[in-house]
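Enquirer: Numbering follows numbering that gives the first Met the number 0, in which position 68 of the sequence shown is assigned residue number 67; successive positions increment by one, without gaps.
For each residue, glycine too, the CB sits at the ideal point set by N, CA and C.
Below you'll find the structure I mean.
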Amino acid sequence: MIQALKLGLYCSITGRFSAAHSCRIPKFSSPFCLTLRMAPKRNRSGAPASVAEDSGEKTNIDEPTLRKNASKASNGNSGVVEDEPVVFDKMTLQQIKSTLRSNGVDGEGSKHECILRSSMRSKTDGEYSSALEYQTSLEEKPAVAKRNSKRKAKGLSEDEPVEVPTKASDISGGRRSKRQVKQSSKDSVDITLSQSATEQELIVKSTEVGGKKSTRVEKKLSSRITKAGVTENLSVDEPWTVLTHKKPQKGWTGYDPKTMRPPPVAADTPHMKFLSWNVNGLRALLKLESFSALQLAQREDFDVLCLQETKLQEKDVNAIRETLLQGYDNSYWTCSVSKLGYSGTAIISRIKPLSVRYGMGISDHDSEGRLVTLEFDNFYLLNCYVPNSGDGLRRLPYRIGEWDTSLGNYMKDLEQSKPVILTGDLNCAHEEIDIFNPAGNKRSAGFTDEERKSFETNFLGRGFVDTFRKQHPNAVAYSYWGYRHGGRRTNKGWRLDYFLVSESISDKVHDAYILPDVGGSDHSPVGLILKL
């Protein structure tokens with residue numbers, strides 16, 4: 000090291016620099032020696048045009064240029080400090096800053112940054128390459144590679160690291176400085192903010208620990224729309240609040256149940272509160288330590304709970320009944336008998352109904368436990384789990400040719416005596432606003448043209464109202480997220496769960512909502528508050 004520093008000092012004074020020495024000095028000198036004396040030009044990829052220690056080739060240095068720069072440094076007439084690194088190492092930080100400022104160079108930052116900054120070429124000489132910029136890029140790249148390898152191991156999408164403005168002026172449209180923000184448990188996500196962003200509203204907190212400054216996103220308030228039209232999610236704790244859609248339309252907004260629901264119904268106003276949830280296996284849900292049926296009931300205070308895809312057998316029902324919460328003494332269960340541990344629906348109620356029906360009275364539809372009907376004083380409540388068209392759309396003909404038609408007819412027959420409420424997993428995203436990626440799912444079960452047309456013809460076209468869409472015509476809200484690609488975390492989902500009501504009582508709907516924060520299933524509960 001000492002020999003290398005002496006050699007560097009000798010070259011600076013005499014202006015001599017041999018090709019043989021160019022291969023040795025970078026190996027033994029400090030990093031400052033390379034960056035100060037040989038700040039490399041950058042190619043398009045951001046790497047140096049040639050570095051002797053990596054390639055083993057001779058570095059082409061113009062000897063007269065070196066002499067010229069050395070004389071400038073000694074005379075103090077240049078806007079760039081070209082003093083030797085060994086001198087800087089012996090100087091205090093205050094001395095270095097004073098020297099930099101006297102030569103017209105920014106003297107802010109740590110000693111390391113000041114020394115590196117001194118290697119930047121003068122703009123008047125036509126050179127803009129910065130050793131500090133190059134050094135920073137080298138330090139950041141390994142972190143990116145390491146992060147992507149971890150995401151591959153977990154089976155997650157390989158998003159780019161977060162790049163956020165570090166100053167308020169950057170957010171408002173000034174010069175943008177990019178910093179990588181590592182993902183924390185609560186306050187960051189993998190996303191890249193680019194020049195194509197339409198909105199960037201971030202609060203960035205910088206802290207200095209041990210002389211090193213770190214930056215993290217404290218609160219994410221908005222979203223961005225990329226050139227491809229995809230609105231990426233910048234929220235972690237509440238991803239559903241951000242508009243996330245492949246083809247967003249003007250006026251669409253993300254759904255936030257905290258701000259978009261009306262005030263509670265007055266205590267003296269008669270009403271009923273319904274909750275519907277595809278639990279994707281009731282026994283598995285009840286075993287989850289993170290789920291508490293008691294807390295859910297206390298929080299939502301529902302009168303009636305409708306469950307789909309319980310996956311129970313008839314022998315399981317009595318044991319489940321014994322675990323029901325106090326006050327919910329009326330429960331009605333139907334299970335699949337054609338395929339055990341499959342499908343299944345149930346209604347659990349505080350209020351005892353006038354009558355109960357299982358199925359539609361059609362043997363071809365009633366063997367899978369997909370429908371329970373309760374009659375109350377002012378309406379019929381139908382809890383339904385509509386058949387999925389399945390892999391390869393093998394059940395699509397049955398779904399649109401038989402099931403939907405029969406269910407629509409059944410509802411219209413009931414409606415002759417009382418209004419009807421249909422709830423459950425109806426396995427159809429009716430409009431493009433109801434699914435994150437409409438173009439990519441044209442032939443996916445639940446979003447085929449045939450299923451959407453059948454939904455319109457047999458339900459909405461026959462006088463039944465989609466209560467959530469009526470209340471929130473422009474809200475992008477999902478009730479189902481696939482497990483495979485972490486859809487709930489990124490809010491890339493489908494709206495498959497509904498409350499449809501007869502048009503005659505649609506004006507009595509006080510609230511139709513989704514509870515996307517309730518986990519435990521790949522679906523979230525949906526709710527309805529009806530004034531009586």
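Considering only residues of the same chain and omitting the five flanking positions on each side of residue 438, which have a CB-CB separation below 8 Å?
Expert: 245 and 246
Enquirer: For residue 462, which residues in the same chain have their Cβ closer than 6 Å to its Cβ, ignoring the five residues on either side in sequence?
Expert: 502
Enquirer: In terms of alpha-carbon separation, which member of 457, 443, 453 and 295 lies closest to residue 304?
Expert: 295
Enquirer: Can you have a look at residue 367 and say buried or exposed, based on whether 16 or more other CB atoms are within 10 angstroms of its CB?
Expert: Residue 367 should be labelled buried.
Enquirer: Could you tell me the boundaries of the beta strand (DSSP E) in which residue 272 lies?
Expert: 270 to 277
Enquirer: Which residues in the same chain have their Cβ closer than 8 Å to the Cβ of residue 441, if we skip the five residues on either side of it in sequence?
Expert: 447 and 448
Enquirer: Quick one: what does DSSP say residue 243 is sitting in, helix, strand or coil?
Expert: Here residue 243 sits in coil by DSSP.
Enquirer: Can you give the Cα-Cα distance for residue 365 and residue 346, rounded to whole angstroms?
Expert: When rounded, the distance between both Cα atoms is 16 Å.
Enquirer: So, are the CB atoms of residue 423 and residue 383 less than 7 Å apart?
Expert: yes
Enquirer: Assign residue 454 to one of three DSSP states: helix, strand, or coil.
Expert: helix
Enquirer: Suppose the cutoff is 6 Å on Cβ atoms and the five residues either side in sequence are ignored; what does the same chain contact list for residue 470 look like?
Expert: Excluding sequence neighbours, residue 470 sits near 511.
Enquirer: Have a look at residue 415 and residue 402 and give me their C-alpha separation to the nearest angstrom.
Expert: In a straight line, the C-alpha of residue 415 is about 21 Å away from that of residue 402.
Enquirer: If you draw a straight line from the alpha carbon of residue 310 to that of residue 341, how long is it in whole angstroms?
Expert: 5 Å
Enquirer: Just how far apart, CA to CA, sit residue 325 and residue 373?
Expert: 20 Å
Enquirer: Cα separation between residue 355 and residue 515?
Expert: 30 Å
Enquirer: Keeping to the same chain, check which residues put their C-beta closer than 6 Å to that of residue 329; ignore five residues upstream and five downstream.
Expert: Cβ neighbours of residue 329 within its own chain (closer than 6 Å, five residues either side excluded): 348 and 351.
Enquirer: What residue ranges within the region 399 to 452 form continuous beta strand (DSSP E) runs of no fewer than 3 residues, ordered along the chain?
Expert: 419 to 424
Enquirer: When you compare only the Cα positions, how much space is there between residue 339 and residue 282?
Expert: 14 Å
Enquirer: Who does residue 307 pair with in a DSSP beta bridge?
Expert: 277 and 344
Enquirer: State the DSSP-derived secondary structure class of residue 365, mapped to helix, strand or coil.
Expert: coil
Enquirer: With a CB to CB cut of under 7 Å and the five nearest residues on each side skipped, what residues in its chain are close to residue 521?
Expert: 279, 479, 480, 481 and 482
Enquirer: What does the alpha-carbon distance come out to for the pair residue 109 and residue 98?
Expert: 14 Å
Enquirer: For my contact list, residue 271 and residue 302 are in at a C-beta cut-off of 8 Å; report their separation, rounded to the angstrom.
Expert: About 5 Å; that satisfies the 8 Å criterion.
Enquirer: Between residue 396 and residue 369, which are expected to be in contact by the criterion C-beta below 8 Å, what is the C-beta distance as a whole number of angstroms?
Expert: Actually they do not touch by this definition, with Cβ atoms about 17 Å apart.
Enquirer: With DSSP as the reference, identify every bridge partner of residue 508, one or two as the case may be.
Expert: 529
Enquirer: Going by the beta-carbon positions, is the gap between residue 426 and residue 445 smaller than 7 Å?
Expert: yes
Enquirer: Would you mind sorting residue 413 into buried or exposed? The rule is 16 or more other CB atoms within 10 Å of its CB.
Expert: buried
Enquirer: Which value, in whole angstroms, describes the spacing of the CA atoms of residue 308 and residue 334?
Expert: 9 Å
Enquirer: Give the range of the beta strand (DSSP E) segment to which residue 97 is assigned.
Expert: No beta strand (DSSP E) contains residue 97, which is instead part of the alpha helix (DSSP H) from 92 to 101.
Enquirer: Just tell me which of 300, 336, 292 and 299 has its CA closest to the CA of residue 313.
Expert: 336
Enquirer: Starting from residue 316 and walking both ways along the alpha helix (DSSP H), at which residues does that stretch end?
Expert: 313 to 320
Enquirer: Could you give the distance in angstroms between the alpha-carbon of residue 467 and the alpha-carbon of residue 113?
Expert: Residue 467 and residue 113 have their C-alpha atoms roughly 59 Å apart.
Enquirer: With DSSP run on the structure shown, which of helix, strand or coil describes residue 461?
Expert: If DSSP states are grouped into helix, strand and coil, residue 461 belongs with the helices.
Enquirer: Taking the alpha carbon of residue 534 as the point to measure from, which residue in 379, 523 and 517 has its own alpha carbon closest?
Expert: Nothing can be reported for residue 534: it is not among the residues displayed for the chain, which extend from 0 to 531.
Enquirer: Distance check for residue 318 and residue 343, CA to CA, integer angstroms please.
Expert: If you take the alpha carbons of residue 343 and residue 318, they lie about 16 Å apart.
Enquirer: Return the chain-ordered list of same chain residues with a C-beta closer than 7 Å to the C-beta of residue 459, the five sequence neighbours on each side being excluded.
Expert: 465
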